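Trainee: In my numbering, the protein residues as written are -3 to 358.
Dumping the structure here so I can ask a few things about it.
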Amino acid sequence: MGASYGQRRLWSFPGKPEGTIPPSPSSPRVAGYRSAGPVCFPPVNTALLGPLGPVSRLALGGGGIGAVWGPTSRDEAIATVHEAVAGGITLFDMAPTYGQGEAETVIGEAFGGHPPVGAMFTTKHLLGSAPPGEVYDRLSASLDESLKRMRLDAVDAFILHGQVGPDLPGATRPNTPLDLFRSAVAPAFERIREQGRIRAWGITAVGVPSAILNLLENGPRPDICQSIANPLDALGGMRRFDEEPRPREIIAAAARNDVAVMGIRAVAAGSLTDAIDRDLPPGDPALADYERAAPLREIARGMGLTTANLAHRYALSMPGISTVVLGVKNRQELSDCLAAEAAGPLPPELVRQIDNALRGDA
-3 MGASYGQRRL WSFPGKPEGT IPPSPSSPRV AGYRSAGPVC FPPVNTALLG
47 PLGPVSRLAL GGGGIGAVWG PTSRDEAIAT VHEAVAGGIT LFDMAPTYGQ
97 GEAETVIGEA FGGHPPVGAM FTTKHLLGSA PPGEVYDRLS ASLDESLKRM
147 RLDAVDAFIL HGQVGPDLPG ATRPNTPLDL FRSAVAPAFE RIREQGRIRA
197 WGITAVGVPS AILNLLENGP RPDICQSIAN PLDALGGMRR FDEEPRPREI
247 IAAAARNDVA VMGIRAVAAG SLTDAIDRDL PPGDPALADY ERAAPLREIA
297 RGMGLTTANL AHRYALSMPG ISTVVLGVKN RQELSDCLAA EAAGPLPPEL
347 VRQIDNALRG DA
C-alpha cells in the first residue's frame, strides 16, 4: 500500500540553514520516525533490527568516512554524515579500526554530542583471542574510547569485530575461539548491557562458517549479526579460513533464530563498482572479484545504472537483510546509494538473471 507524506523538515546543523524534503513517490514507506524540536527524518523504508526496532534500510558505515575505501577529507566526511541524515538514514555503523578512530571522530564532530533524536549508533571491538579474565576489561575500555570519540554516553549496539572460530596457522589476526566467546565474551556483553551503555550486542559473522552456524543455532545468540550481502557472496580479504563461505546459510540461520542481520560488503570492497578507485597490491582478492563481476557491470550498463547502484539494490533484495551498511566516502557515492534504495527491490527475474550471469550459466 502507498502513503502520502507532507513536507519534512531537515535536521538543522551548525552553519547550515534548515530546509525541506519533498514528498517521496517511491515504494511504501514508514513515516513518523520519533523526533523532537526541528528533528525529523524524512519518510524512508525501514525494517526491524532486533532490540533496536525500526531502522533505515541503509546504514552509514564508518569504513568510507574513515578513508578505508579510498581517500576523503574530514570536511567531506562530515558533510556526508549530514547528507545521510537529510536522506533519511537513521543508523551509523562505526568502529575504532576505521581510520584509527577517524570515523568515530567524524561522528563526534558532525553532531557535536547532540545527534538527532532517533539516530542510532553502533561500534565494535577487535578482540581476537584474549585471556578470559581480560575480556570484559578490554571490551569496556574500547567502548569508553569509542564513546569519547563520538561524544556519546551510550551506543545502540556493540559488535564483536573480527572472526569467530579456530585460529589457522600463519593467521595475522587471531580469531575469537568459540569456547572463549561462550564463556567470556557473551557474558561481558550482557554485563555491559546491564550497565545501560548498550542496548544490544552482536557479531561480525564472517568467521569460520561452521563456527558461526554453531553459534547461531546453539547460542549464546547475539541480537545482531553482520553478514556478507552481495551477488558474488564475496568476502575478499576477509576470507581467512579453508571452508567455503556460506553467507546465505548464515543469513537464513540468523532468521530462524531471531537474530537480526545487517548486510555488509554490498559492493565487495569496491569489486562491484564501475572501477576500483584506490590502489591495490597485485594479488589482492578485490582485483579477482572485480574480474568475476564483469557480467554484473554489463547488466548495469544495459540498465543505465552504475554497478554500485545495482549491487546495492541486489543486497537490499536479499531475504533476511534488515539494513545494508554503506561504505561511501563522499556525498556523490551516498547519493547513488540513496537512489538505489528509493528505486526499491529488484524484480525476482532480474535477481535470477544476475545470479545466472555470475555463475556463467547461459
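We treat Cβ as the ideally placed atom computed from N, Cα and C, and that holds for glycine.
Values in this document were obtained by computation on a predicted structure and should not be read as measured data.
How is Thr42 classed by DSSP in three states: helix, strand or coil?
Mentor: In the structure shown, Thr42 sits in a strand (DSSP, three-state: E or B).
Trainee: Rounded to the nearest angstrom, how far is the Cβ of Ser138 from that of Pro92, given a contact under 8 angstroms?
Mentor: Rounded, the Cβ-Cβ distance is 6 angstroms, consistent with contact.
Trainee: Taking Cβ positions, are Ile74 and Val102 nearer each other than 7 angstroms?
Mentor: Closer than 7 angstroms, so yes.
Trainee: Which residues bound the beta strand (DSSP E) around Asp152?
Mentor: That run of the beta strand (DSSP E) goes 151 to 157.
Trainee: Between the C-alpha atoms of Ala82 and Ala225, what's the straight-line distance to the nearest angstrom?
Mentor: Cα to Cα, Ala82 sits roughly 25 angstroms from Ala225.
Trainee: Exposed or buried, what is Gln159 when buried is set at 16 or more other beta-carbons lying within 10 Å of its beta-carbon?
Mentor: So Gln159 ends up on the buried side.
Trainee: Tell me the DSSP bridge mates of Ala256?
Mentor: Per DSSP, Ile220.
Trainee: Pull up the distance between the alpha-carbon of Glu79 and that of Leu176, whole angstroms please.
Mentor: Each residue's Cα considered, the two are about 40 angstroms apart.
Trainee: Pick from Asp133, Ile61, Gly66, Leu44: whose alpha carbon is nearest that of Leu276?
Mentor: Measuring from the Cα of Leu276, the nearest candidate turns out to be Gly66.
Trainee: Which class does His78 belong to by DSSP, given the choice of helix, strand or coil?
Mentor: The answer is helix: DSSP assigns His78 an H, G or I state.
Trainee: For Pro21, collect the residues of the same chain with a Cβ closer than 6 angstroms to its Cβ; drop the 5 residues on either side in sequence, then sort them by chain order.
Mentor: Its pLDDT being 28, under 50, Pro21 is placed unreliably by the model, and nothing is read from it.
Trainee: From the DSSP secondary-structure annotation, give me the bridge partner or partners of Ser179.
Mentor: Ser179 is not bridged to any residue.
Trainee: Buried or exposed: Asp285, going by 16 or more other Cβ atoms within 10 Å of its Cβ?
Mentor: Per the 10 Å Cβ criterion, buried.
Trainee: Can you pull the DSSP bridge partners for Pro50?
Mentor: According to DSSP, Pro50 bridges with Leu44.
Trainee: Of all the options Gly323, Ala126, Ala307, which has the alpha carbon lying nearest to the alpha carbon of Glu88?
Mentor: The amino acid at residue 88 is misidentified as Glu; the sequence shows Phe. Residue Gly323 is the option with its Cα nearest to Phe88.
Trainee: Would you kindly report the start and end of the unbroken beta strand (DSSP E) that includes Ala196?
Mentor: Element bounds for Ala196: 194 to 200.
Trainee: Using beta-carbon positions only, say whether Val151 and Thr119 come within less than 7 angstroms of one another.
Mentor: Going by C-beta atoms, Val151 is nearer than 7 angstroms to Thr119.
Trainee: Beta carbon of Leu54, beta carbon of Val320: below 7 angstroms?
Mentor: In this structure, Val320 lies closer than 7 angstroms to Leu54 by Cβ.
Trainee: What residue range does the alpha helix (DSSP H) around Met299 cover?
Mentor: First-last of the alpha helix (DSSP H) with Met299: 290 to 299.
Trainee: Only counting the same chain, and skipping five residues up and downstream in sequence, which positions put a Cβ closer than 8 angstroms to that of Arg327?
Mentor: Excluding residues within five positions, the ones whose Cβ falls inside 8 angstroms are Glu72, Ala75, Thr76, Glu79.
Trainee: What runs of the beta strand (DSSP E), each 3 residues or longer, lie entirely inside the region 227 to 289?
Mentor: Counting whole runs of 3 or more residues, the region 227 to 289 contains the beta strand (DSSP E) stretches 256 to 260.
Trainee: In the region 98 to 134, which residue ranges form an unbroken beta strand (DSSP E) of at least 3 residues, counting only runs that do not cross its ends?
Mentor: Whole beta strand (DSSP E) segments, 3+ residues: 116 to 122.
Trainee: Pull up the distance between the alpha-carbon of Glu329 and that of Val181, whole angstroms please.
Mentor: Near 36 angstroms, if we compare the C-alpha coordinates of Val181 and Glu329.
Trainee: Below 8 angstroms, how does it come out for the region 246 to 256 and the region 287 to 301: are there three or more Cβ pairs, yes or no?
Mentor: No, the region 246 to 256 is not in contact with the region 287 to 301.
Trainee: Within its chain, find whatever has a CB closer than 6 angstroms to the CB of Pro47; leave out the 5 residues flanking it on each side and keep chain order.
Mentor: Cβ within range, chain order: Arg195, Ala196, Asp219.
Trainee: Going by DSSP, what residue range makes up the alpha helix (DSSP H) through Val347?
Mentor: Val347 -> alpha helix (DSSP H) spans 344 to 355.
Trainee: Which first and last residues belong to the alpha helix (DSSP H) in which Leu212 is found?
Mentor: Its alpha helix (DSSP H) spans residues 205 to 214.
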